[in-house]
Structure formats: C-alpha cells, structure tokens
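Participant: Taken in order, the sequence shown gives residues 1 to 252; the numbers are from full-length UniProt numbering.
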Amino acid sequence: MREKSKVPAIDKADQIFNYLYYKYSATQSSIAKDLNLPKATVNRLLEVLTDLRYLNFQDKEYTLGEKFYFFSSRYEKYTLIKNITHPYLEELSLKFKETFKLSVLDNDKIRSIATVESSDLIKVSVAENAIFPLHAGAASKLLICQLGESKLDKLLDKNLPKYTENTITDREKLKSELLKINIQKISYDNMEHSKNIRAVAVPILDKKNRIIAAISCPCFADDLTEEKAKILVKEMQKTCEEISKRLEYFTN
C-alpha cells in the first residue's frame, strides 16, 4: 500500500488525478462522493488545480488538464530522441575513442540527456542529465543560436559568468558568434567552459530546419587538432542527418 505524504492536500490531489485518469471526466459531487472526501475540500482543490491547468473544467465536469499533456509530450520527445540517438553515440565513441553526448535546450537550461564515454582510461567524463551554461560550450551555443533576440535576452543573465579566460562574456560578441553558428550549423568550444577542454557540436534538425538537439564531442584541448575537428564534424553531420530522417516519422 502506498504511504501517504506529510501534506494531506497533495494526497487528496493525487487521489483526484488517479480518479480522473481512469474515469476520464466527473462532476465535483461525483469526485467527492466516490473518493469519500469533504465537498468543501474537493471544491477548493479543484479550483486551485484548474487555475494551475492540472485540470480542465467544461460542461460541469473535470478532466485532466493540458499540463499533464505538456509534461508527457516533453518526456516522450526527449525519450524518443535519446533512444534513437544512443546507438549512434556508441558507434561514434567506438570509432574515435572519444566521449560523445546528446544535449537539448530544456526550458532555460542546457541539459545532456545521453552520454557515451570513451573506453580509454583517461577520458573526458560527462554525467547524464548534467546542466551546462547557455553561453559557454559548443552544444550550448548551438542550441540557443536560433532563438529570437527577445527570448535570448530573457534567458541570458545580465552578467554572463566567466568560467575561463576564453568565455564570451560580452553580449554583442556572443550574439555575433551565435549568428555565425546558425549559418554554419557547427559550433566550437575553445576552452570556454573548462580550461583544458575543447569541443565541437553539430545539430539534429527537424523537417523545418529547426535545431531540436545537439551532438557534441568534448576532447582534451591538445587532442582536438584542426584536422581531427574536420574529420569529427564530417562524421557527426552524417550521423545527425540519419537521426533527423528517423525522427521525421515521429515528429510533426
């Protein structure tokens, strides 16, 4: 049996969610009666949950709201991209003996949702679900390069944190860099986030040429030569094109 939480209102909200999941829709009186809850309590909860869009109210009946669909669609989207991409990351890592990661723009954060590390003992390690700054890093810059100026200004801090001597902290210089990245569809990190790490990133695009994710390869600075970067980019672009084609079957 599931243990109750220490917050009674949350327990009651959970009961209502489960009830409507199976019932689909119900009136306030039906919910109170079937769950054996006080009408006044249920009424207050329903009002709050509707305001927060966890519930919809139409024709005197309640249903689960759009917030659940928003959460589930986002989860499904990221899970789909991750599941399709992971085998490709493994192939890239095996071929180049480097670490490869898949990153997305998750609201106001850059998040790595899949990582395959190099098999070498000495390697660049990246945790899955790691959070990265918006303005520093190859994948980060790539994932924000298509944002409109107003949205970009809202996301970026007034003072861009400086992580290394190479971190771009001037907003106009950063915007100029993002414009170039958007045109080339390639992004580089020249030790901008970590002192001894260079990286290259390539986008996964949807049918409308919008960037929906990025594959990047962080390397120790001395290992990522100009020649190696060119080879990596060519192979990563080929990989991202294949992933984009597969995603076309599942995305609008």
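By construction, the Cβ of each residue, glycine as well, lies at the ideal position given by its N, Cα and C atoms.
#1: Measuring CB atoms only, is the stretch 55-69 touching the stretch 13-31, in the sense that at least three cross pairs come out at less than 8 Å?
#2: Rounded C-beta distance between I131 and K109? I'm assuming under 8 Å.
#3: Provide the residue span of the alpha helix (DSSP H) that contains I84, from first to last.
#4: What are the uninterrupted segments assigned as beta strand (DSSP E) that are 3 or more residues long and contained completely in the UniProt domain "HTH iclR-type" (7-66), given in chain order?
#5: Starting from the Cα of A214, find the closest Cα among N196, G137 and K67 and give me that residue.
#6: What is the residue span of the alpha helix (DSSP H) that C240 lies within?
#7: If we ignore side chains and look at the alpha-carbon of each, how far apart do K207 and L142 end up?
#8: Between the alpha carbons of M1 and S30, how many angstroms are there, rounded?
#9: By DSSP's criteria, C145 is part of a beta bridge. Which residues make up the other side?
#10: Counting only the same chain and skipping the five closest in sequence on each side, list residues whose C-beta sits under 8 Å from that of N159.
#11: In the DSSP assignment, the alpha helix (DSSP H) including K180 goes from what residue to what residue?
#12: Look at S216 and A229 and say whether their C-beta atoms are less than 8 Å apart.
#13: Would you tell me roughly how many angstroms separate the C-alpha atoms of E192 and K238, rounded to the nearest one?
#14: Using the Cβ count rule (16 or more neighbours within 10 Å means buried), how would you classify S119?
#15: Return the first residue and the last residue of the beta strand (DSSP E) that R111 is part of.
#16: Determine the direct distance from the alpha carbon of I10 to that of V202, and round the result to whole angstroms.
#17: From N171 to V124, what does the alpha carbon distance come to, in whole angstroms?
#18: In this structure, how does DSSP classify A199 when only helix, strand and coil are distinguished?
#19: Report buried or exposed for S140, applying the criterion of at least 16 other Cβ atoms within 10 angstroms of its Cβ.
#20: Given a cut-off of 8 Å on the beta-carbon distance, is the pair T85 and A114 in contact?
#21: Quick check on S125: does DSSP put it in helix, strand or coil?
#22: Expressed to the nearest angstrom, what Euclidean distance is found between the alpha-carbon atoms of I204 and K185?
#23: Below 8 Å between beta carbons: does that hold for T41 and K12?
#24: How would you write the range of the beta strand (DSSP E) that Y188 sits in, first residue to last?
#25: Where does the unbroken beta strand (DSSP E) through P218 begin, and where does it stop?
Facilitator: Quick look at the numbers:
#1: Contact between the stretch 55-69 and the stretch 13-31 is present, because at least three Cβ pairs lie under 8 Å.
#2: Counted from its first residue, the sequence shown places residue 131 at position 131. Counted from its first residue, the sequence shown places residue 109 at position 109. Their Cβ separation, rounded to whole angstroms, is 5 Å, which keeps I131 and K109 in contact under 8 Å.
#3: The residue given as residue 84 occupies position 84 in the sequence shown. Residues E66 to F96.
#4: 55-58 and 61-64
#5: As a first step, residue 214 must be located in the sequence shown, where it is residue number 214. The shortest C-alpha separation from A214 is found at G137.
#6: To locate residue 240, count along the sequence shown from 1; it is residue 240. Looking at the DSSP string, the run of the alpha helix (DSSP H) that includes C240 is E226 to L247.
#7: Locating residue 207 in the sequence shown gives position 207, counting from the first residue. Locating residue 142 in the sequence shown gives position 142, counting from the first residue. Rounded to whole angstroms, K207 to L142 spans 17 Å at the Cα level.
#8: Stepping through the sequence shown from its first residue, residue 1 is reached at position 1. Stepping through the sequence shown from its first residue, residue 30 is reached at position 30. For M1, the predicted model reports a pLDDT of 45, less than 50, meaning its position is unreliable and no value from the coordinates is stated.
#9: Indexing the sequence shown from 1 puts residue 145 at position 145. BP columns for C145 are empty, so no partner.
#10: On the sequence shown, position 159 is the one that residue 159 refers to. Correct list, in chain order: T169.
#11: As a working mapping, residue 180 is identified with position 180 in the sequence shown. Run containing K180: R171 to Q184, per the alpha helix (DSSP H) assignment.
#12: Looking up residue 216 in the sequence shown gives position 216. Looking up residue 229 in the sequence shown gives position 229. Contact: no.
#13: As a working mapping, residue 192 is identified with position 192 in the sequence shown. As a working mapping, residue 238 is identified with position 238 in the sequence shown. C-alpha separation (whole angstroms): 26 Å.
#14: Locating residue 119 in the sequence shown gives position 119, counting from the first residue. Classification of S119: exposed, given that the 10 Å Cβ count is below 16.
#15: Mapped onto the sequence shown, residue 111 falls at position 111. If you look at R111, you'll find it in the beta strand (DSSP E) that goes K109 to V116.
#16: For this step, residue 202 is matched to residue 202 along the sequence shown. For this step, residue 10 is matched to residue 10 along the sequence shown. When rounded, the distance between both Cα atoms is 43 Å.
#17: Within the sequence shown, numbered from 1, the residue matching residue 171 stands at position 171. Within the sequence shown, numbered from 1, the residue matching residue 124 stands at position 124. Looking at the sequence shown, residue 171 is not Asn but Arg. The alpha-carbon separation between R171 and V124 amounts to approximately 29 Å.
#18: Here residue 199 is taken as the residue at index 199 of the sequence shown, counted from 1. Looking at A199 - three-state DSSP - the assignment turns out to be strand.
#19: As a position in the sequence shown, residue 140 is number 140, starting the count at 1. S140 is buried by the Cβ-count criterion.
#20: Mapped onto the sequence shown, residue 85 falls at position 85. Mapped onto the sequence shown, residue 114 falls at position 114. Yes, Cβ-Cβ distance for T85 and A114 is below 8 Å.
#21: Translated into positions along the sequence shown, residue 125 becomes position 125. DSSP places S125 in coil when its eight states are reduced to three.
#22: For this step, residue 204 is matched to residue 204 along the sequence shown. For this step, residue 185 is matched to residue 185 along the sequence shown. Their backbone Cα atoms lie some 10 Å apart in a straight line.
#23: Here residue 41 refers to the residue found at position 41 of the sequence shown. Here residue 12 refers to the residue found at position 12 of the sequence shown. Yes, they are a contact pair.
#24: Here residue 188 is taken as the residue at index 188 of the sequence shown, counted from 1. DSSP places Y188 inside the beta strand (DSSP E), whose first and last residues are S187 to N190.
#25: Your numbering for residue 218 matches position 218 in the sequence shown. It spans I211 to F220 - the beta strand (DSSP E) in which P218 sits, taken as one unbroken run.
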